[in-house]
Amino acid sequence: MTDILLFVVFPYVALAIGIVGTIYRYLTNQYSFTSLSSQFLENDLQFWGSTLWHYGILPTTLIHIAGFTIPKVMAAAHGTPELLYLSELAGKILGIMALVGAGILLYRRLTSSKIRAITTPVDWIILSLLFAQVFFGLILAFAYRWGAAWFIFTATPWMDSLALFQPAPQFVTALPLAHKVHFLTGFLLFALMPFSRLVHIVTFPLSYAWRSFQLVIWTRRKVV
Amino acid sequence: MKVKSQVSMVFHLDKCIGCHTCSIACKNIWTDRPGAEYMWWNNVETKPGVGFPTQWEDQEKYHGGWELEDKPKNPQLKLKLQNRLQTFANLFSNPAMPTMDDYYEPWTYNYNDLFNSPLGPDQPTARPISRVDGNPIDIKAGPNWDDDLGGSNIYAVKDPLLADMNPEDRQRLFSIEQLFYFYMPRICNHCLNAACVGACPSGAIYKRAEDGVVLINQDKCRGWRMCVSACPYKKTYYNWSTGKSEKCILCYPRLETGQAPACFHSCVGRIRYLGVLLYDADQIPDALKVPDEQLVERQREMILDPFDPKVVAAAKESGVPDGVIAAAQNSPVYRYVKEWELALPLHPEYRTLPMLFYVPPLLPVLNATQENGTQRVETDLFSSLEKARVPVRYMSRTLSAGNDELVIKAYRKMIAVRIYKRHETVGDVTAEEAKAALEKAGMGAEEAEAIYRLTSIPTYQERFVIPPYSREGDIEEVYDPQQRKAETGFGRRQAPQRGL
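Those sequence lines, one after another, are chains A and B.
Sequential numbering from 493 applies to the first sequence in the working numbering.
Sequential numbering from 1266 applies to the second sequence in the working numbering.
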């Protein structure tokens, strides 16, 4: 019963809250969509913290998503022992980068009174959860090695079953506690997205790659 | 020819008394909010001086503006800050971001100390406390921290523009008897090739096509802060509380209702002029690629004569309303910038095509005091640029990308107008002297009279020629009033509150 709640109901609820909530917030309060950067108040630690964090967590997240969506490609990508070894190494380096980055950001927020002044309760929750999430991820990486290999036979079928609306929690219920915590924190973070600054993820300014430098807009637009 | 109109500005520095009324008018209306206390959309700097933020003119430090690619064949314009790929790479930590230390930490005073301090032999004092975290602070900098400190060996000496002046001139700026400084009010230049617009990853900054006002869409801004670094004038500011960038909006709600912007309206010295310029947008790409010393002349070429029938026809074809064309014909800015060539853009070498122009300051006139401290008015006071204290090199570095000729030309005209009017009103200057001065400046008596009138005794309506906006008409054309009746009104009604 608990397993059904945790690995079937909770993921669906979290995804629904995350997606619907973010869209709702975008439609009703787009003004609040920002990264709420605090670089203006503190620049030195921000560089190391934010850069390490983002350069670590972005590829890691993308690799996770790739593991869910294109498992065959990912399996082929570490088909030989050498490749597996390499991806294991890369994953650990990225994870450590993210952990150190999050640690610096947490330390910076705790020690700078200016940053503390503009930190909301939800900021503390999010930053702590992100730190914990990466921490548990690294525990998995170090304590249960060759994650690249076992990932696509445990997490992937579970996520696929959720996506196909034929939930099969048995793929993950037997896994050790660290795995379960990692999964659940992931979904919790997703659910918290519309209630936190995490919404800035969906505003990644891709269109800057091709838009013209100058923008001119007519306020007066003849519609009728 | 693609004719566009731009609401443009002239600041007559010879008339600025450095009273900061403009700054206060602006602050009271727009930036008296948490996170915006440190912002001065309008500020007045003492020059030579470090400016606000500190040494903003040092683009090796701040990487603002555009530069031409360093290659002989067909060089393209690029942001000094970064290319598109670097924009993505630097998204998480902006490499050239000025921090609060480059401006100042806003503060208030703990006034309760005055009431609550215990009885004692000393007067109670109100301690300064930070407006960011509420902790007591030692004030190390503030708005106009180097106000009136031209010639200061602590502040003015750090002016980035002094570097390429010859040692003799530089020395002159720091000796008490010959010291020269002036006030430079600055607002957003509402550039034609704005670097802030070019650098914004979200595409939130745009130029209004009707009047050329550059605005930041607060809903689209995601706080990546690239505009703050890219603007060479440092006239976009990051609001640390709301996580959005903000800048001067040229009081567009006032403009749309026919009022001059607050800083213009409140100007005590009446140094400010506002009017429409028609320009040829097709010429922009070429105008940006000429060598530094030709930039001002090329920009003047772009500005079109609103009386030329061909220009008027082209303007109508490009969708410029008749009222705006009429406003362009009355524009005081057109006269100062194009007709008289008295006003020059601030730092054209940043290649943003700024549309705020400055008439260079002439005062104080004398180079040095004579023996026993007196001069003969008619021969010395208005006689020549050579005797003036103005360091032409400094002015040309500020206003014409190093082209001394343009500054000298403007000065000659200003001096000639003085001599001419002195002859006319006081009579201690002979007609020959006046004529010679006019000839040297290359203008006639009529032009001198016109310059005098618009400089010294202009009316409100002559200083501010605001084009008709007819916003109410636009709204009616776009929306059915019956449909809008039951709604909240004009757009969002939400307070700009910090998101989670």
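The C-beta atom is built at its ideal place from N, Cα and C for all residues, glycine as well.
Within the stretch 684 to 702 of chain A, Phe687, Ser688, Arg689, His692, Thr695, Pro697, Ser699, Tyr700 and Ala701 place their CB atoms closer than 7 Å to a CB of chain B, listed in sequence order. Closest by C-alpha distance to A:Gln706, out of B:Arg1718, B:Asp1476 and B:Ala1464, is B:Ala1464. Rounded to whole angstroms, the separation of the alpha carbons of B:Asn1307 and B:Ala1301 is 13 Å. B:Asn1418 counts as exposed, since fewer than 16 other C-beta atoms from the protein chains shown sit within 10 angstroms of its C-beta. Boundaries of the beta strand (DSSP E) harbouring B:Arg1451: Phe1447 to Arg1451, taken from the DSSP string. Among the residues of chain A, none has a CB under 7 Å from the CB of B:Cys1461; the nearest is roughly 11 Å distant. The three-state reading of DSSP puts B:Ser1510 in strand, counting E and B together. Judged by pairs of C-beta atoms under 8 Å, the stretch 670 to 677 of chain A does not touch the stretch 507 to 514 of chain A, as fewer than three such pairs exist. The C-beta of B:Met1365 comes closer than 7 Å to at least one C-beta of chain A.
For A:Ile631, same chain residues with a beta-carbon under 7 Å away, outside a window of 5 residues either side, are Ala670 in chain order. Of all residues in the stretch 657 to 669 of chain A, none has a C-beta nearer than 9 Å to a C-beta of chain B. For B:Leu1426, no beta strand (DSSP E) run applies, since DSSP gives it neither H nor E. Taking a contact as a CB-CB distance under 8 Å, the pair A:Arg517 and A:Val691 counts as one, their CB atoms being some 6 Å apart.
Using a Cβ-Cβ cut-off of 7 Å, B:Asn1400 counts as an interface residue toward chain A, since at least one Cβ of chain A sits closer than that to its own. Under the DSSP assignment, A:Trp545 falls outside any beta strand (DSSP E), being part of the alpha helix (DSSP H) whose first and last residues are Asp536 to Thr561. Interface criterion met: the Cβ of B:Gln1483 is under 7 Å from a Cβ in chain A.
Close to B:Phe1357, with beta-carbon spacing below 8 Å, are these residues of chain A in chain order: Ser542, Thr543, Trp545, His546 and Tyr547.
In this structure, A:Leu533 lies away from B:Trp1331, with their beta-carbon atoms at least 7 Å apart.
B:Val1541: member of the beta strand (DSSP E) spanning Arg1537 to Asp1545, first to last residue. Straight-line spacing of the CA atoms in B:Leu1611 and B:Ala1666 works out to 9 Å. The alpha helix (DSSP H) runs lying completely inside the stretch 608 to 637 of chain A and spanning 4 residues or more are 613 to 635, given in chain order. Looking at the backbone, the Cα of B:Cys1516 and that of B:Lys1500 are separated by about 15 Å. About 14 Å separates the beta carbons of B:Gln1271 and B:Gly1584, which is beyond the 8 Å limit, so they are not a contact pair. Taking a contact to require three or more Cβ pairs closer than 8 Å, the stretch 537 to 552 of chain A and the stretch 1355 to 1373 of chain B qualify as touching.
With a minimum length of 4 residues, the unbroken runs of alpha helix (DSSP H) contained wholly in the stretch 1277 to 1312 of chain B fall at 1286 to 1295.
For B:Thr1352, the residues of chain A that pass the 7 Å Cβ criterion are Tyr700, in the order they occur in the chain.
Rounded to the nearest angstrom, the gap between the Cα atoms of B:Lys1674 and B:Lys1705 is 9 Å.
Cβ atoms of B:Tyr1599 and B:Leu1542 come within 8 Å of each other, at about 6 Å. In the DSSP assignment, B:Trp1489 falls outside any alpha helix (DSSP H), carrying neither H nor E. DSSP, read as helix, strand or coil, puts B:Leu1414 in coil. Going by beta carbons, B:Cys1528 and B:Cys1284 fall outside the 7 Å limit. Where B:Thr1501 is concerned, the enclosing beta strand (DSSP E) starts and stops at Thr1501 to Asn1504.
Counting only residues of its own chain and dropping the five nearest sequence neighbours on each side, B:Val1576 has a CB closer than 7 Å to the CB of Val1268, Leu1543, Leu1569 and Asp1570.
Taking 4 residues as the minimum length, the alpha helix (DSSP H) runs contained wholly in the stretch 1665 to 1704 of chain B are 1669 to 1690, in order along the chain.
The beta carbon of B:Ala1474 sits closer than 7 Å to some beta carbon of chain A. According to DSSP, residue pairing for B:Leu1621 in a beta bridge involves B:Met1274.
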